[in-house]
Amino acid sequence: MKRIGKRIFTLSALALAVSAAPQLSAATWSDTYIGYRYGTQFQEPSNPDKVKKHVLQLTHASGYAYGQNFFNLDLLQSNNMDPASGDAKGEGKGATEAYLTYRHQLHLGKVFDTDLGFGPVKEVALTAGFDLNTKNTAFAPRKRMLVAGPTLKFDVPKGFVDLSLLYAYEQNHCGLSGCGAPGNHNDISFDPYYVVSLAWGLPFQAGPVPMKFQGFANYNTEKGEDYFNNGTKPEILSRTSLMVDVGQLAFNKSNTLWAGVGYEYWRNKFGNHGKDGVNTTAPTFQLEWHF
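Residues -26 to -1, 1 to 265, numbered by mature numbering (1 follows the signal peptide of the UniProt record, and there is no 0), are exactly what the sequence shown covers, in order.
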């Protein structure tokens, strides 16, 4: 498996290097925003209690002649039901987490100057990228994940719908003393696994009200054993939101200020199963300021 993992690192690094080369071209479009979401029904593995979270978000998407980029940084602040390292639950400070995602799409039809569309698909792309995270809990996760694979880009009247099949290789860390017991590991390289990822952003009009329905849904296959030699199970994560263009309605400035509601659905969080806190069903309130 280590040999497979090295191959994935090499494949992802090569794909990112290749995809970065054409970016000497000027950007053809871009969208950057600061977002905020809040919910009271989040959960964490091995924790039976509901957790409140404030999430500050920085997102950037842009396109150029041969593809596009996506960058997202979430800064998540829990209440003290998800305590920081050294604090007891319900006392002191809640945990702080940073989660960074980067994806690049290289549009193969544009690179090879040929029409790769078929049926409802307008373009085929190569996607590569990475996820990084850190959180100041006793568990002290440090996720490092590389992904690469094909993406089908669907032809929709407005917005986008993308379906990707990504090959993923993940390394992580566990700071608990039990992770270092004989046969266990504080640092782990999971078995490579597949991620089926659907992402969408669909603007529409509800009478006079400009709105959009956006989100993503990921299905991750099992990734071997965890820090305690327990087998993982497939994981499902979906975040969706229904947003209203408040800036257009109130100030006649479209795509500046959005407000709406969202929903997070997470099953077998991080591949965990059969314990408290591995399933989340959390409605959220959300804001976006585009600039």
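In this text, a Cβ means the ideal position worked out from N, Cα and C, and glycines have one as well.
Only a predicted model underlies this, so the values are computations on that prediction, with no experimental measurement involved.
DSSP places L120 in the strand class (E or B) of the three-state scheme. Around the Cβ of P184, a 10 Å sphere holds 16 or more other Cβ atoms; the residue is buried. Under the three-state reduction of DSSP output, S228 falls in the coil class, being neither helix nor strand.
Y7 and L32 have their C-alpha atoms roughly 6 Å apart. In the three-state reduction of the DSSP assignment, K127 falls in the strand class, which pools E and B. Taken through DSSP and simplified to helix, strand or coil, K26 comes out as strand.
A distance below 8 Å between beta-carbons, with the five flanking residues on each side excluded, links V135 to the following residues of its chain, in chain order: K127, F128, L172, A173, W174, L176. The beta strand (DSSP E) runs lying completely inside the stretch 157 to 226 and spanning 3 residues or more are 161 to 163, 167 to 180, 183 to 194, 209 to 219, given in chain order. Contact annotation: H78 and E97 have beta-carbon atoms that are not nearer than 7 Å. Sequence-distant partners of W240 (beyond 5 residues in either direction) whose C-beta falls short of 6 Å from its own C-beta, in its chain, are L211, T254. Among the bridge pairs identified by DSSP, D87 is matched with none.
Residue pairing by DSSP puts E18 in a beta bridge opposite N21.
If you look at L80, you'll find it in the beta strand (DSSP E) that goes 70 to 81.
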